[in-house]
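Using UniProt numbering, read the sequence shown as starting at 1 and increasing by one per residue. Cβ coordinates follow ideal geometry from the N, Cα and C atoms, glycine included. In this text the structure is predicted, and so the values were computed from the model without any measurement. Take a look at the structure below.
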Amino acid sequence: MSFRRLSTLPLDGDMKDKISRTSLKTIQDVVTLSPLEIMSVLRLSADQCKGLLDIVFSLCVPHHTTAYELNLEEEKKIIALGNIKLDTMLHGGLHAGSITEFVGPSGVGKTQWCLNIAVMAVLNECKDASCGSAIYIDTEAAFRPERVVEIVCNKYPHLRSEISKYISRIYVYQPKSVDSLSELLNSIQVIAVEKDSRVLIVDSIASLARKEIMAGSADSNITRTNQLASWAAKLKSVAEQLNICVVVTNQVTTRATQEKFLITKEIREMDEDMEEVHGIRDKVFFHQVTPALGNTWTHCVNTRLILQYVESSLRQLVIAKSPVAPFTAFSYTINKSGICVEENDSFYSYSGTDPGLHNIKVQTGILL
């Protein structure tokens with residue numbers, strides 16, 4: 001900013017004319033002089049010099065805000081998830097300016113959470129004077145408009161007559177390849193401004209990358225890492241510059257983490273006096289379930305919510321990583337109204353180091 005040319009500043013014609021007759025070309029040229037030197041060089045009065053310096057310093061000094069102002073701004077942009085306990089634990093819900101990731105196995109309800117968030121975003125905003133929107137990037141062709149209608153009609157039956165008003169604020173994009181997703185993300189900031197969006201949902205970020213860029217060789221690993229880094233940078237830029245919520249879903253994978261020698265067989269041998277038992281030791285690998293896409297993507301996520309099965313119809317949401325909430329688990333079910341978090345569920349809260357995704361088994365307040 002110090003090298004910005006003075007001719008581009010919002011100054012009156014007389015001031016620009018005086019500056020053009022001197023050797024002062026950039027903001028740096030001005031701030032290196034004392035007020036008396038500026039008054040002498042430009043032949044300005046004290047008031048004129050003060051006015052010029054006010055404009056220059058306002059461009060040089062970084063803009064600041066107070067914690068109170070930030071808190072007020074955040075409260076306006078938060079998207080509630082629809083359950084008092086869960087929203088309270090997350091300090092209101094999903095926060096603008098950050099990336100929230102839902103990660104879990106197939107069929108656990110990642111898309112259902114995304115649909116629920118899209119509905120909550122447009123309904124919450126439409127309670128105000130102006131209606132915001134939700135951008136839904138569907139890479140797995142899992143978005144079903146009839147499911148959105150079902151959720152709204154069952155969860156908010158009084159809105160049946162206006163349902164077209166709300167679902168018309170959910171804009172769906174369905175890229176079919178890595179290139180088409182990259183192209184879409186290149187223009188997503190402009191789209192979000194045009195649509196007045198308050199949430200951007202990508203379901204799922206892992207699908208196309210895992211299909212088209214197969215891991216294994218060094219070159220493919222580098223290609224996938226670079227691609228994910230590019231997508232993460234674009235999503236973070238949208239979240240921070242537009243101050244909106246970015247929600248992504250991710251798949252899980254298994255990874256061999258330990259190697260131990262264990263007795264896997266027993267061989268019995270008979271001799272004249274006694275029976276001997278010999279054990280055969282084999283290498284055994286232990287596996288853990290982890291989010292897909294590796295460490296590069298993991299460090300880009302601000303909040304990680306893990307979804308897992310507990311019973312056939314009961315599932316669990318685990319807050320595994322969050323800047324505002326401790327390690328906590330909630331049980332939920334999926335019905336016609338969308339996501340239903342168990343109100344009377346006793347949840348587990350852990351304030352220590354994130355235990356990671358593997359071996360998480362939280363049910364009725366017990367970490368197994």
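Taking DSSP as the reference, what is the three-state secondary structure of residue i?
i           : result
residue 241 : helix
residue 166 : helix
residue 196 : coil
residue 176 : coil
residue 320 : strand
residue 205 : coil
residue 133 : strand
residue 188 : helix
residue 156 : coil
residue 108 : coil
residue 267 : With a pLDDT of 48 at residue 267, under the threshold of 50, the modelled position of this residue cannot be trusted; read the value that follows with caution. Reduced to three states, the DSSP call for residue 267 is strand.
residue 340 : strand
residue 334 : strand
residue 12  : coil
residue 57  : helix
residue 117 : helix
residue 79  : strand
residue 45  : coil
Within its chain, find whatever has a CB closer than 8 angstroms to the CB of residue i; leave out the 5 residues flanking it on each side and keep chain order.
i           : result
residue 26  : 2, 3, 4, 5 and 6
residue 30  : 6, 24, 38, 52, 53 and 56
residue 151 : 115, 116, 119, 336, 337 and 338
Compare the C-alpha of residue i against each of the options and name the closest.
i           : options               : result
residue 108 : 337, 331 and 88       : 331
residue 333 : 321, 322 and 317      : 317
residue 139 : 174, 161 and 233      : 174
residue 165 : 132, 184 and 47       : 132
residue 154 : 336, 341 and 22       : 336
residue 76  : 309, 64, 61 and 93    : 93
residue 205 : 220, 180, 222 and 193 : 180
Can you pull the DSSP bridge partners for residue i?
i           : result
residue 291 : 252
residue 97  : DSSP, once it has assigned bridges, lists no residue as partnering residue 97.
residue 305 : 102 and 319
residue 138 : 203
residue 26  : 5
residue 246 : 99 and 200
residue 329 : 318
residue 171 : 135
Among residues of its own chain, excluding the 5 on either side of residue i, which ones have a beta-carbon nearer than 6 angstroms to its beta-carbon?
i           : result
residue 91  : 324
residue 347 : Note that residue 347 scores 49 on pLDDT, short of 50, meaning its location in the model is unreliable and no value can be drawn from it.
residue 189 : 238
Beta-carbon within less than 7 angstroms of residue i's beta-carbon, same chain only, minus the 5 sequence neighbours each way: which residues are those?
i           : result
residue 129 : With a pLDDT of 41 at residue 129, under the threshold of 50, the modelled position of that residue is not reliable, and no figure is offered here.
Requested in this report: Count the CB pairs spanning the stretch 54-71 and the stretch 81-96 that are closer than 8 angstroms, and state whether there are at least three.
Outcome: Too few Cβ pairs lie closer than 8 angstroms, so no.
Report task. Taking 8 angstroms as the threshold, find out whether the stretch 139-155 comes into contact with the stretch 100-116 through three or more Cβ pairs. Result -> The answer is yes - the stretch 100-116 touches the stretch 139-155, with three or more Cβ pairs under 8 angstroms.
Report task. Taking 8 angstroms as the threshold, find out whether the stretch 87-103 comes into contact with the stretch 236-251 through three or more Cβ pairs. Result -> Output reads yes: the stretch 236-251 touches the stretch 87-103.
Query - Inter-stretch contact at 8 angstroms, needing at least 3 Cβ pairs: the stretch 116-124 / the stretch 198-207 - result: In this structure the stretch 116-124 lies against the stretch 198-207, because at least three pairs of beta carbons, one per stretch, are closer than 8 angstroms.
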